[in-house]
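Everything in the sequence shown is counted per my numbering, starting at 11 for the first residue and increasing by one.
Accompanying notes for the structure given below.
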Amino acid sequence: GWAGEGTGTSGKNRHVSQAAARLEMGSLWEEFNRLGTEMIVTKAGRWVPERDRGCRGGGHPRPTPRPRRRMFPTFQVKLSGLDPLADYVLLMDFVPLDDKRYRYAFHSSSWLAAGRADPAAPGRVHFHPDSPAKGAQWMRQIVSFDKLKLTNNLLDDNGHIILNSMHRYQPRFHVVFVDPRRDSERFAHQNFKSFSFPETQFMAVTAYQNHRVSPGLGGRPNAPLPFPKDPLTPLSPQITQLKIASNPFAKGFRDGDPEP
């Protein structure tokens, strides 16, 4: 269904007060959420030797940077209720879900609080590259944030979203009306509307916590999947399998590569 949640409509500019957003691939997000979604974050300076990519010439391998990770599932929404002739900017940010740091307990296959959260990473937002655009354009097709990348490098200078690993986050989506008035800054609090979808919450990790063999996925064929009731008790081995099965860019892994 359509979500009109977030900051509400009270006191909002008419250009955003009726805005609504529907999360695409909702069933896939729900499936990940039942397992306990994990998103990979990587540091700049994490190197992959060129020999691992087919180095030619027999010389010393030249280190090359491993790219920062894009989110999967990709955050995509369908918009309605915008003024077709008005200009809008769309953006995302990520907020901590709590003030804790976590660790994964393999013996119980669950996440446990491991102390207070690390100092907050620098707050950043990701602007959709098509911004600004008319409301008609945004509503015409699904809006995809497929260029958004995550990192845990506090010194990142590429504008990527910086997150602390082993912390829980909630993505937020914002629709901002481009107010043409000269004193538009006076009305900034009225010119946006925010949306958050609980099923998109995730744990930021540097590697999937998936070292056990799970029922039905590498264990007993067609065994039932005992989904945990507690969202912090994920069946982590299934996270990698579900991402490989669902991600269109993971064909190589589906064809037999054992490493996610």
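Ideal Cβ placement from N, Cα and C applies to all residues, glycine included.
Of the listed residues the options, nearest to residue i (C-alpha basis)
i      : options                        : result
MET149 : TYR114, ASP167, TYR98          : TYR98
ALA198 : MET49, GLU209, VAL186          : VAL186
ASP140 : VAL105, PRO190, LYS157, SER204 : LYS157
ILE172 : ASP193, SER194, SER154, PRO129 : PRO129
MET176 : GLN219, ASN43, TRP39, ASN168   : GLN219
ALA96  : PHE155, ALA146, ASP193         : ALA146
GLY21  : SER206, THR210, PHE205, GLN200 : GLN200
ARG44  : SER120, LEU92, ILE152, GLY125  : SER120
LEU278 : VAL105, VAL153, PRO106, HIS170 : Absent from the structure is residue 278, since the part of the chain shown begins at 11 and ends at 270.
ASN168 : HIS117, ARG24, ARG134          : ARG134
HIS170 : ARG178, LEU160, ASP189         : LEU160
TYR179 : PHE42, ARG24, VAL105           : VAL105
Cβ-Cβ separation, residue j to residue i (assumed contact under 8 Å), whole Å
i      : j      : result
PRO208 : PHE85  : The pair is not a contact, with the Cβ atoms about 14 Å apart (cut-off 8 Å).
ASP109 : ALA127 : 5 Å
LYS203 : VAL26  : 4 Å
MET49  : MET81  : 6 Å
GLN211 : LEU107 : 6 Å
Short Cβ contact (8 Å threshold) for residue i with residue j
i      : j      : result
ASN174 : THR216 : no
THR52  : MET213 : no
LEU89  : ALA31  : yes
PHE155 : HIS136 : yes
TRP39  : PRO83  : yes
TYR112 : ALA123 : yes
LEU92  : ALA131 : no
First and last residue of the uninterrupted alpha helix (DSSP H) at residue i
i      : result
GLY145 : 145-150
SER27  : 24-27
LEU45  : 36-45
Span of the beta strand (DSSP E) around residue i
i      : result
TYR218 : It is not in any beta strand (DSSP E) - TYR218 carries neither H nor E in the DSSP assignment.
GLY91  : Note, GLY91: premise wrong, no beta strand (DSSP E); not H, not E.
HIS117 : Premise fails: HIS117 is in no beta strand (DSSP E) and is neither H nor E.
GLN180 : 177-187
LEU160 : 159-161
SER5   : No answer is possible for residue 5: the residues shown for the chain start at 11 and end at 270.
ARG32  : 30-33
MET102 : 97-106
MET49  : 48-50
Any non-hydrogen atom of the ligand ZN within 7 Å of residue i CB
i      : result
LEU164 : In terms of ligand content, the structure shown is empty, and the ligand ZN therefore cannot be addressed.
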